[in-house]
Amino acid sequence: MTDYLLIAILVMIFIVIFQIAKASEYVSVLKGEDQTRKQNNKINAFLLIAFLVFGLIGVWWCNDMFYGKTLFPQGAASEMGQKIDLMLYITIGVTGVVFVITQALLFWFAFKYQERDDRKAFYFPHNTKLELLWTTVPAIFLTVLVVFGLKYWFKITGEAPKDAIVIEVTGHQFGWEFRYPGPDGILGKKDYKLTKGANSLGVDFSDPASRDDIHVSGTVHMPVGKPIKFVINSQDVIHDVGLSHFRMKMDAVPGIPTTLWFTPLYTTEEMKVRSGDPNFVYEISCDQMCGKGHFSMRGVIIVESEADYEKWLSTQKSEYSTIYPAAGSDSTKAATPAVALNN
Amino acid sequence: MSSETTLHADVHATHDDAHGEHHHHETFISKYVFSMDHKMISKQFLITGIIWAMIGGLFSVLFRLQLGYPDSHFPILEDLLGHWAKGGKIQPEFYYALVTMHGTILVFFVLTAGLSGTFANFLIPLQIGARDMASPMLNMLSYWFFFLASIIMFSSLFVQTGPAAGGWTIYPPLSALGDASQGSKIGMDLWLLSMAMFIVSSLLGGLNYISTILNLRTKGMSMTRMPLTIWALFFTAVLGVLSFPVLLSGAILLLFDRNLGTSFFLSDIVINGKILPNEGGSPILFQHLFWFLGHPEVYIILLPAMGMSSEILSVNSRKPIFGYMAMVGSMFAIAILAFLVWAHHMFVTGLNPFLGAFFVLLTLLIAVPSAIKVFNWLTTLWRANIRFTPAMLFAIGFVSFFISGGLTGIFLGNSALDIHLHDTYFVVAHFHIVMGVASFFGMFAGVYHWYPKMYGRYLNNTLAYIHFWVTITGAYLIFWPMHYEGLAGMPRRYYDYTGWESFKMFAGLNQFISFVAMVVFATQLLFVFNFFYSIFKGRKVRSTNPWGANTLEWTTPLHPGHGNWPGEIPEVFRGAYDYGKDGREFIPQTEPIGANESHH
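Line by line, the protein sequences are chains A and B. Residues in the first sequence are numbered consecutively from 18, following this note's numbering. Residues in the second sequence are numbered consecutively from 21, following this note's numbering.
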């Protein structure tokens, strides 16, 4: 009922505004169109300059309110992320200056050069020097930004260090799966046609390398300070591994594996302190629209000390042994030599 | 050239009589429905566009309701929407359908057809001095294909499984597999069919605009004397004609994948436990096809707004547009670059980083012509004598939004930064400001400026001023804070953020944005009301040239008939921007160069 009441009130407001507008139209006819135009001109010129002043104050105020909620104060949680933050700062600085100058000129000129009877517009159709000036100056600034941008771009998208810990990430509607290569350091082969029942990732268990692979869902553990390489897959539609705290992102595309790598700088516990949020948690957000559950496709990353990580890893059972507990004795035999070699 | 133009003049002279007779046979159907008069077709585009804009805007209010008030229930929604809003709460599937349709409607039906369709049709013949389009028949077909596309898209809202819900970019496999989403069932087929019709409409229109501008200019109207609106509409048409067919091919391949079992975009997929046989396709291929249109599309939307704002800024500044040739040149540069930057939408798809580097370079290169345009607009205002008509205010607003949104493009075009900002609210803020709001402001400026020519009446000024001030304030309040959400990594296209530790702190801001969005939407209804009311009851225009403008459309009678000029088409002797020259307020294009006139 209140909804309909609200609509009725809105309609009333509409009618009132419309009646005022209609009346003011009559008034303007009575006063003479020229007179009204001049009056409107003054009011709007004043409003434009007021808009500039309050707008700039608003920009400042908005920054004051929301800066703390961005990821800048807590800092990037990866080395590359810090470079991206630096670039963001530089770009905000450069564009910020341009923004203030151009907006100020726009509204100031509009106010200053409002129509007056004693003013004649200055005939100024072109000026090659000026035009060359504002072709070259932006070009120079942009060159600098491009050079820095590409330098970092190639670093970020370059090959992961050889000692990186490889973790396979698989997206599906609507969740994340992770696979560790296990003691042999090699991820076993997969074939999507083998996806069935408990073998939800379609791992090819005829490949010996797959026997010791570890599969976990939803939450992934990793050690701090070590490069981590994600090999990213999708089972159904395109997803995206969004790691906002690490300033990283990569699509998960069915049929075309992608990769990303980063080095976490802080453990989850350390980030709780840095962010001042006792509930802080590294989240993986799906950043590519993937269907009705897109908004709930959440993964969690636990970054911990290397010792904690190793401890956690040692408690994990291989996927093969959980799917085929009967064959367990077989697999341990097969896997033992590999473990021995690695250690 | 001169003999050719005289020939044209002759043809037109004989044409006149034919037109005179033609008027007697006009029936309601041939005048208002299947009209071949470019002015009527333009009104058809405009009114259809307004209806779509209201629908698209309403959809945004509905999904903002969910974003702003994720824990509330609105029983009225269930009354209106049935199972889509069970318990008075918009369901996720419906939310995604709303988001998808909002994007599709606004990008294609409003800001492409509604904007180009309206103003290319209305202004090209009037401003270049032509009786009508090169092919009035194709022009009429262009509207009716658009109408057909509209009907199909509209009907998709009422199918059992709902309209398309995979985002306006309809990336496969999500859009290819009915098992992946309700919206990818029949709704998606209707979407593709509708877009195919839409593309036909846009091609028919575009070819017509191009051939009209190239062939039917009146005597003396050389290309470099054309108003900037015409240049902008020309480049827009060229972009559309060259890029829309690529989307059509993508859409057709997607239809094949959906219905005929092909694997253009599908490979290695397990969905709902079902193993699909498709192998060897690439979903990324679709993105290339889509964005090869998708990026020029941004300029298809923006260029007409640029052209109209340039014209309106100059007229109301009583001053020539600064750097006419530079303005044309920068639009040309933008049009060329528009084709070479599409993959900047795909930096995080696993694109080869080396290839990405080229797209970074070319993308940021667009900032140069854009900067030239901005500084030229600013210089146009400098030492002017400005009249703040509603059209002028919207044109100033256009420049303001173009600056704000353009600058954030420098962040997103730089691939390293895009990794962090991609698909966050930063992107939402960026493209809504630079393409959505800015283009809407250009469109509003155009409507307020040319309404007297369209309907012979003025829009109500008071309502216009209220419309402007609420909209510019509201649009900044809505989209400015979104940059901060984006910098925090908040992903777009989420139905609910309350489950996320990293994003839930923006609940208050989301509520604020939703509230402002509703106020701004209500204000647009005020405009729509003003528009339709003034057609019948607006203050009558008494002078043929109410704004004191130089261009040819203001040399036509108050109510130009089919054929535009009752007598001969006027000859043109100068460019469109001789304002304030030699101490004269304005010198129409039809006035011969005086003996003592200064050269600038």
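In this text, a Cβ means the ideal position worked out from N, Cα and C, and glycines have one as well.
So residue i contacts chain A; which residues on that side make the cut at Cβ distance below 9 Å?
{"i": "P338 (chain B)", "result": "Residue 338 (chain B) is actually Arg in this sequence, not Pro. Within 9 Å Cβ-Cβ: E132, K137, A138."}
{"i": "S522 (chain B)", "result": "L88, S261, H262, F297, V298, Y299, E300, S302"}
{"i": "A140 (chain B)", "result": "Within 9 Å Cβ-Cβ: nothing; A140 (chain B) doesn't reach chain A, min ~26 Å."}
{"i": "R278 (chain B)", "result": "Simply none; closest approach about 14 Å."}
If we define contact as Cβ-Cβ less than 9 Å, is residue i a contact residue for chain A?
{"i": "I289 (chain B)", "result": "yes"}
{"i": "G600 (chain B)", "result": "yes"}
{"i": "W500 (chain B)", "result": "yes"}
{"i": "I49 (chain B)", "result": "no"}
{"i": "I356 (chain B)", "result": "no"}
{"i": "V394 (chain B)", "result": "yes"}
{"i": "T132 (chain B)", "result": "no"}
{"i": "T124 (chain B)", "result": "no"}
{"i": "F461 (chain B)", "result": "no"}
{"i": "S424 (chain B)", "result": "yes"}
{"i": "S214 (chain B)", "result": "no"}
{"i": "R403 (chain B)", "result": "yes"}
{"i": "E617 (chain B)", "result": "no"}
For a contact meaning CB atoms closer than 7 Å, what does residue i contact in chain B?
{"i": "K246 (chain A)", "result": "What K246 (chain A) touches in chain B: nothing, since even the nearest Cβ is about 14 Å away."}
{"i": "R264 (chain A)", "result": "I439, H440"}
Residues in its own chain within less than 6 Å of residue i by CB, not counting five upstream and five downstream?
{"i": "L323 (chain B)", "result": "A252, F255, T256"}
{"i": "M121 (chain B)", "result": "F79, P183"}
{"i": "Y517 (chain B)", "result": "F523, K524"}
{"i": "L529 (chain B)", "result": "P501"}
{"i": "A391 (chain B)", "result": "none"}
{"i": "T280 (chain A)", "result": "S95, E96, P244"}
{"i": "L296 (chain B)", "result": "I289"}
So which residues on chain A does residue i lean against when the C-beta distance must stay under 7 Å?
{"i": "R513 (chain B)", "result": "M306, H311"}
{"i": "P303 (chain B)", "result": "I255, V270, P271"}
{"i": "G343 (chain B)", "result": "H143, E148"}
{"i": "W489 (chain B)", "result": "L64"}
Which residues in chain B have a C-beta closer than 8 Å to the C-beta of residue i? List them in chain order.
{"i": "E42 (chain A)", "result": "N480, N481, T482, R559"}
{"i": "Y169 (chain A)", "result": "A436"}
{"i": "R315 (chain A)", "result": "G519, W520"}
From the beta carbon of residue i, is the nearest beta carbon of chain B less than 9 Å away?
{"i": "E148 (chain A)", "result": "yes"}
{"i": "G242 (chain A)", "result": "no"}
{"i": "H143 (chain A)", "result": "yes"}
{"i": "V163 (chain A)", "result": "yes"}
{"i": "A25 (chain A)", "result": "no"}
{"i": "D224 (chain A)", "result": "no"}
{"i": "V76 (chain A)", "result": "yes"}
{"i": "L282 (chain A)", "result": "no"}
{"i": "V115 (chain A)", "result": "yes"}
{"i": "K328 (chain A)", "result": "no"}
{"i": "V237 (chain A)", "result": "no"}
{"i": "I318 (chain A)", "result": "no"}
{"i": "L159 (chain A)", "result": "yes"}
Between which residues of its own chain and residue i is the CB-CB distance below 8 Å, once the five residues before and five after are set aside?
{"i": "F68 (chain A)", "result": "F124"}
{"i": "E605 (chain B)", "result": "R338, G568, Y599"}
{"i": "Q86 (chain B)", "result": "K109, I110, Y115, Y515, D516"}
{"i": "S175 (chain B)", "result": "L210"}
Compute the beta-carbon to beta-carbon distance between residue i and residue j, rounded to the nearest angstrom, for a pair I have assumed lies under 8 Å.
{"i": "N159 (chain B)", "j": "M56 (chain B)", "result": "7 Å"}
{"i": "V254 (chain A)", "j": "K266 (chain A)", "result": "Actually they do not touch by this definition, with Cβ atoms about 17 Å apart."}
{"i": "A38 (chain A)", "j": "L479 (chain B)", "result": "Going by Cβ atoms, the distance from A38 (chain A) to L479 (chain B) rounds to 10 Å, so no, they are not a contact pair."}
{"i": "A415 (chain B)", "j": "L333 (chain B)", "result": "5 Å"}
Enumerate in chain order the residues of its own chain whose CB-to-CB distance from residue i is below 7 Å, with the five nearest sequence positions on each side excluded.
{"i": "Q147 (chain B)", "result": "P247, T249, I250, T571, L572, E573"}
{"i": "I67 (chain B)", "result": "none"}
{"i": "A537 (chain B)", "result": "S80, V81, R84, I498"}
So which residues of chain A does residue i contact, with C-beta pairs closer than 8 Å?
{"i": "G525 (chain B)", "result": "The amino acid occupying residue 525 (chain B) in the given sequence is Met; Gly does not appear at that position. Here the neighbours are K86."}
{"i": "D91 (chain B)", "result": "Correct list: empty, because the minimum Cβ distance to chain A is about 15 Å."}
{"i": "L194 (chain B)", "result": "V254, I255, M306, C307, G308"}
{"i": "P566 (chain B)", "result": "Going along chain A, no residue has its Cβ under 8 Å from P566 (chain B), so there is no contact; the nearest lies around 10 Å."}
Can you pull the chain B neighbours of residue i, defined as C-beta to C-beta under 9 Å?
{"i": "N216 (chain A)", "result": "Chain B residues near N216 (chain A): none, gap ~11 Å exceeds 9 Å."}
Quick one: which unbroken beta strand (DSSP E) runs of 3-plus residues sit fully inside the stretch 69-140 of chain B? Chain order, please. Here no run is fully enclosed.
So within the stretch 454-524 of chain B, which uninterrupted alpha helix (DSSP H) runs reach at least 4 residues, ignoring any that extend past its ends? Correct list: 458-475, 481-499, 502-507.
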